[in-house]
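In our numbering, the protein residues as written are 413 to 821.
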């Protein structure tokens, strides 16, 4: 009745509380919630409702397609007109990353701020290390989000998936963050399983054999890692890793510089940047300048790198939580430095209320003074985008990737 088919047989297990001891499926819960609200906003069926923005679909779509994600994102943003074909992690990125800039000034303010409670609550729960206070904040925003749906959209839209949102914080307390037990790994493995099938005959046996072989190679890598030569270890890693990084010809500490360097004398502005950082530099000599760097397994680009126009890997967060945009990498005296500009956070303005904790609103332009920092000061890469929301207003946002722990390769 009303979408509920009856009691689960699991509820008959002695001493088993099906509500508190069964982990909610956050994967399908969030996908269904995102689908429903996108349908409410852009579906023609609700064109007469105050929350409908179906006539602004093309504008929201243009904003979405203008976003350039980092190389860690497995898919580029796809048009909202293709949302029926979006995969689960695309919906997750829509909730946590894309929806806020895409809906700003399109969705009525009351409904926009209501929606912002969902990515805010999820961001608190999705952090790599969530304190008890973070779980409390996440629970408060998700419960408030669910409680206001009845009034804003109607009771018929308070579905089972939406109700499950009120159990996610308890799930984090009992079972850890969603990335530890979500169903995203199964979505990621579907493509892996399909790749094991080479012909139409005996598909099941091909899959079983391929899975067994991969498991055996992994086990062999673990058992023999202390007894193999560096070349043998490298070969085994090449067989087992899913992401292959470009070849590095220069490695300094945790930084691997990629591509052929441009050996040249530094421009005056760069020389001044080194001296401003109190780093001794012979301005009359040539130095190696790179446009790409692999730092702690994260791929970083200079803003001058043009071979990946749909990716933005040049904005990073430093150890002191300041935001830095990379202009180039320079090798000096067996040390690696990044030249670039600080981008200041715009703390006087809020894009929404509440503001998700993984999102930073930045000033549209960098400070204008070229700076020099050791690459060891770089803490993490940020997803940064500049979205035009009107003829005279743009939003520059930077996001901490709270999905980095999800197995979405």
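No residue lacks a Cβ here, since even glycine has one placed at the ideal position from N, Cα and C.
For this session: Find the nearest neighbour of residue 561 within the set 544, 537, 535, 529, judged by alpha-carbon distance.
Result: Locating residue 561 in the chain shown gives position 149, where the first residue counts as 1. Checking every option, the nearest Cα to that of residue 561 belongs to 529.
For this session: Would you list, in sequence order, the uninterrupted beta strand (DSSP E) runs of no fewer than 3 residues that lie entirely inside the region 637-707?
Result: Those beta strand (DSSP E) runs which fall completely within the region 637-707 and span 3+ residues are 660-664, 667-670, 674-677, 698-702, 704-707.
Exercise. Measuring CB to CB, does residue 660 end up less than 7 Å from residue 675?
Worked result: Mapped onto the chain shown, residue 660 falls at position 248. Mapped onto the chain shown, residue 675 falls at position 263. Result no, Cβ atoms of residue 660 and residue 675 do not sit closer than 7 Å.
Exercise. Excluding the five sequence neighbours on either side, which residues of its own chain have a C-beta within less than 7 Å of the C-beta of residue 544, listed in chain order?
Worked result: The residue you call residue 544 lines up with position 132 of the chain shown. Same-chain partners within the cutoff: there are none.
Exercise. To the nearest angstrom, how far is it from the Cα of residue 793 to the Cα of residue 574?
Worked result: In the chain shown, residue 793 corresponds to position 381, counting from 1. In the chain shown, residue 574 corresponds to position 162, counting from 1. Going by C-alpha positions, residue 793 is about 32 Å away from residue 574.
For this session: Could you give the DSSP three-state label for residue 494: helix, strand or coil?
Result: As a working mapping, residue 494 is identified with position 82 in the chain shown. Reduced to three states, the DSSP call for residue 494 is helix.
For this session: On a CA-only basis, which of 739, 783, 722 is nearest residue 703? Give me that one, please.
Result: On the chain shown, position 291 is the one that residue 703 refers to. Residue 739 is the option with its Cα nearest to residue 703.
For this session: Can you grab the Cα-Cα spacing for the pair residue 614 / residue 632, in whole Å?
Result: Along the chain shown, one-based indexing puts residue 614 at 202. Along the chain shown, one-based indexing puts residue 632 at 220. Looking at the two C-alpha atoms, the distance is approximately 27 Å.
Exercise. How should residue 589 be labelled, buried or exposed, when 16 other C-beta atoms within 10 angstroms of its C-beta is the threshold for buried?
Worked result: Numbered from its first residue, the chain shown carries residue 589 at position 177. So residue 589 counts as buried.
Problem set entry | Residue span of the alpha helix (DSSP H) that contains residue 548, given as start and end | The count along the chain shown starts at 1 and reaches residue 548 at position 136. Start and end: 544-565.
Exercise. Taking the Cβ atom as the reference point for each residue, do residue 513 and residue 774 lie within a distance shorter than 7 Å?
Worked result: For the purposes of this step, residue 513 is taken as the residue at position 101 of the chain shown. For the purposes of this step, residue 774 is taken as the residue at position 362 of the chain shown. The answer is no: Cβ separation not under 7 Å.
Problem set entry | Same chain only: Cβ atoms within 6 Å of residue 695, ignoring 5 sequence neighbours per side | Stepping through the chain shown from its first residue, residue 695 is reached at position 283. So the qualifying residues of the chain are 683.
For this session: Name the residue from 419, 566, 473 whose alpha carbon lies nearest to the alpha carbon of residue 448.
Result: As a working note, residue 448 is residue 36 in the chain shown. Of the candidates 419, 566, 473, the one whose C-alpha sits nearest the C-alpha of residue 448 is 566.
Exercise. CB residue 377 to CB residue 814, shorter than 7 Å?
Worked result: Missing from the structure shown is residue 377; the chain here goes from 413 to 821 and no further.
Exercise. What separation, rounded to the nearest whole angstrom, lies between the Cα atoms of residue 413 and residue 464?
Worked result: Your numbering for residue 413 matches position 1 in the chain shown. Your numbering for residue 464 matches position 52 in the chain shown. Summary for residue 413: the model assigns pLDDT 45, below 50, so the residue's position carries little reliability; its value from the coordinates is reported in the next sentence. Distance between the alpha carbons of residue 413 and residue 464 is about 29 Å.
For this session: Have a look at residue 641 and residue 627 and give me their C-alpha separation to the nearest angstrom.
Result: Locating residue 641 in the chain shown gives position 229, where the first residue counts as 1. Locating residue 627 in the chain shown gives position 215, where the first residue counts as 1. Residue 641 and residue 627 have their alpha carbons spaced roughly 21 Å apart.
Exercise. Can we say the region 523-542 touches the region 472-489, given the rule of at least three CB pairs closer than 8 Å?
Worked result: Contact between the region 523-542 and the region 472-489 is absent: fewer than three C-beta pairs spanning the two stretches fall below 8 Å.
Problem set entry | Inter-residue spacing [alpha-carbon to alpha-carbon] between residue 876 and residue 779 | Lying outside 413 to 821, the shown extent of the chain, residue 876 is not represented and no answer is given.
Problem set entry | For residue 739, the three-state DSSP class (helix, strand or coil) | Locating residue 739 in the chain shown gives position 327, counting from the first residue. Looking at residue 739 - three-state DSSP - the assignment turns out to be strand.
Problem set entry | Which of helix, strand or coil DSSP assigns to residue 516 | Here the question's residue 516 lines up with position 104 in the chain shown. Correct three-state label for residue 516: coil.
For this session: Return the chain-ordered list of same chain residues with a C-beta closer than 8 Å to the C-beta of residue 751, the five sequence neighbours on each side being excluded.
Result: As a position in the chain shown, residue 751 is number 339, starting the count at 1. If we look at residue 751 and ignore the five residues flanking it on each side, its Cβ neighbours are 682, 685, 738, 739, 740, 741, 742, 782, 783, 784.
Exercise. How should residue 430 be labelled, buried or exposed, when 16 other C-beta atoms within 10 angstroms of its C-beta is the threshold for buried?
Worked result: As a first step, residue 430 must be located in the chain shown, where it is residue number 18. Exposed, because fewer than 16 other Cβ atoms sit within 10 Å of the Cβ of residue 430.
For this session: Please name the residue, chosen from 711, 554, 789, that lies closest to residue 732 on a Cα-to-Cα basis.
Result: The residue labelled residue 732 in the question sits at position 320 within the chain shown. For the residues 711, 554, 789, the minimum Cα distance to residue 732 belongs to 789.
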